[in-house]
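To convert, note that position 236 of the sequence shown is 269 in this note's numbering; the numbers rise steadily by one, no gaps.
A quick write-up on the structure given underneath.
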Amino acid sequence: MRRITRIATVGIASAALALSATACGGKKSSDTSSSPSAGAAAASAAIAYDIGGRGDQSFNDAAFAGLEKAKNDLKIKTAEAEPTDGEGEADKVQRLTELARKGNNPVIGVGFSYAPAIKKVAPKFPKTTFGIIDDTSVTGENIANLVFNEEQGSYLAGVAAAKASKTGTVGFIGGVEVPLIKKFEAGFTQGVKDTNPNAKVLSQYLTQPPNFDGFSKPDLGKAAAQGQLDAGADVIYAAAGLAGSGAIEATAGKGKWAIGVDSDQYNQAGLAKYKEHILTSVTKDVSDSVFNVIKSVQDGKPQTGEIRYGLDKDGVGLADSNPEYKKMADVTAAVEKAKADIIAKKITVKTAP
């Protein structure tokens with residue numbers, strides 16, 4: 034199981050941490066952290082993590098990097114709140130409420146699953162900015178929607194996969210079959226087919242809503258990747274959060290190529306033993322999006338509304354940290370051409386399969 038859920042407040046002031054575990058194997062946080070002093074309260078920003086939590090080597094860790102940058106560059110306090118296993122909307126409402134009540138501003142929900150909770154909590158704290166990543170369904174005068182053109186980065190991954198594949202068969206693994214992850218699948222498949230019309234794309238989702246284990250269980254990703262490898266895939270792209278690490282492990286074990294997601298997974302310490310087989314990663318600049326909304330609040334000009342990050346702003350892209358990737362001149366040339374064509378609107382990338 035994942036580590037015990039926590040809220041941790043770090044930075045200028047010392048942290049206060051209170052934890053408790055529920056019976057029957059469940060895990061629950063008491064959601065307590067240090068409050069600003071009664072005198073001059075120090076500025077503080079908070080994020081509430083998505084399924085998988087900090088340490089997922091992907092989406093949540095990218096958000097944490099933005100929070101850390103804000104702590105160091107802006108000299109502010111920061112707070113973090115972890116999800117609980119099998120939690121519901123009420124848990125998220127309580128978490129966001131506690132973070133806002135303690136004076137954190139902004140409070141950022143990492144992932145679309147926070148939309149219903151933010152819809153309930155944000156109106157109760159009109160002077161607090163609430164950020165939400167990967168969702169535009171909830172809006173308000175104090176809500177910033179941080180969204181990305183994932184399909185564009187995934188298209189580039191499809192181009193790279195098609196060019197790097199020797200078998201002509203590649204795989205896509207989605208964590209949970211929801212519209213957001215279908216954007217990854219759509220872009221990837223289109224990129225593969227535009228590059229090699231004869232290529233075969235094996236697509237699989239690990240779970241269906243309301244089961245979101247597909248974002249948090251590495252064993253599910255590993256099993257899916259093994260099945261695709263057995264079917265002839267030699268490049269596999271997994272958009273599955275923490276579960277994607279299992280897909281990377283399986284792919285590396287067979288000496289094939291994996292494509293990471295959200296963060297540059299070649300550089301993730303937790304995946305170091307597999308890095309030689311991580312061809313590239315589809316990156317989302319979640320880190321900068323988190324930092325930017327925090328800085329906007331500190332500057333007295335809080336971001337609100339939809340803030341979109343695409344290829345044209347380097348908000349999504351394809352990492353080139355692996356030296357072997359850089360050596361593939363035909364692959365990198367094809368990717369760069371596709372990137373230029375998307376930015377120039379010569380290529381329109383689909384957002385649904």
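All C-beta atoms, glycine included, are put in the ideal place defined by N, C-alpha and C.
Pick helix, strand or coil for residue i, following the three-state DSSP scheme.
i: Asn178; result: strand
i: Lys61; result: Below a pLDDT of 50, predicted positions are generally treated as unreliable, and Lys61, at 35, falls in that range; no measurement from the model is reported.
i: Ala76; result: coil
i: Thr365; result: helix
i: Val211; result: coil
i: Arg341; result: strand
i: Thr381; result: coil
i: Gly348; result: coil
i: Thr169; result: coil
i: Lys403; result: This structure cannot speak to residue 403, because the chain is shown only from 34 to 386.
i: Arg35; result: For Arg35, the predicted model reports a pLDDT of 33, less than 50, meaning its position is unreliable; a value from the coordinates is still stated below. Arg35 falls in the coil class under three-state DSSP.
i: Ala273; result: coil
i: Gly247; result: helix
i: Thr55; result: Here the model assigns Thr55 a pLDDT of 31, short of 50, so the residue's position is not dependable and the matter cannot be decided.
i: Ala49; result: For Ala49, the predicted structure reports a pLDDT of 32, less than 50, and the residue's modelled location is therefore unreliable. A value from the coordinates is still provided. Here Ala49 sits in coil by DSSP.
i: Pro156; result: helix
i: Asn400; result: Summary: the structure shown does not reach residue 400, with the chain confined to residues 34 through 386, and so no result is reported for it.
i: Asp332; result: coil
i: Gln467; result: Examination of residue 467 is not possible in this model, given that the chain is present from 34 through 386 alone.
i: Gln301; result: coil
i: Gly86; result: coil
Can you tell me which residues form a DSSP beta bridge with residue i?
i: Thr202; result: Lys233
i: Thr161; result: The partner list for Thr161 (beta bridge, DSSP) is empty, contrary to what the question assumes.
i: Gly293; result: Ser314
i: Val268; result: Val203 and Trp290
i: Tyr238; result: Gly207
Out of the options, state which residue places its alpha-carbon closest to the alpha-carbon of residue i.
i: Lys104; options: Ser354, Asp83, Gly86 and Ser77; result: Ser77
i: Glu101; options: Lys125, Val319 and Ala195; result: Val319
i: Asp332; options: Asn138, Thr117 and Ala123; result: Asn138
i: Glu339; options: Asn229, Tyr358, Ile176 and Asp297; result: Ile176
i: Ser406; options: Tyr82, Ala96, Asp83 and Ile80; result: Here the chain comprises residues numbered 34 to 386, so residue 406 is not present and cannot be evaluated.
i: Thr169; options: Ala377, Gly207 and Arg341; result: Arg341
i: Gln298; options: Gly288, Lys289 and Glu309; result: Glu309
i: Ser314; options: Tyr147, Lys125 and Asp353; result: Asp353
i: Gln336; options: Lys379, Ile141 and Ala266; result: Ile141
i: Gly254; options: Gln237, Phe217, Asp267 and Ala266; result: Gln237
i: Glu115; options: Lys108, Asp94 and Arg134; result: Asp94
What is the residue span of the alpha helix (DSSP H) that residue i lies within?
i: Glu184; result: Glu183 to Ala197
i: Gly260; result: Pro251 to Asp263
_Quick check on the DSSP output: what are the complete alpha helix (DSSP H) runs of length 4 or more inside the segment 88-153, in order along the chain?_
92-107 and 122-134, all fully within the segment 88-153.
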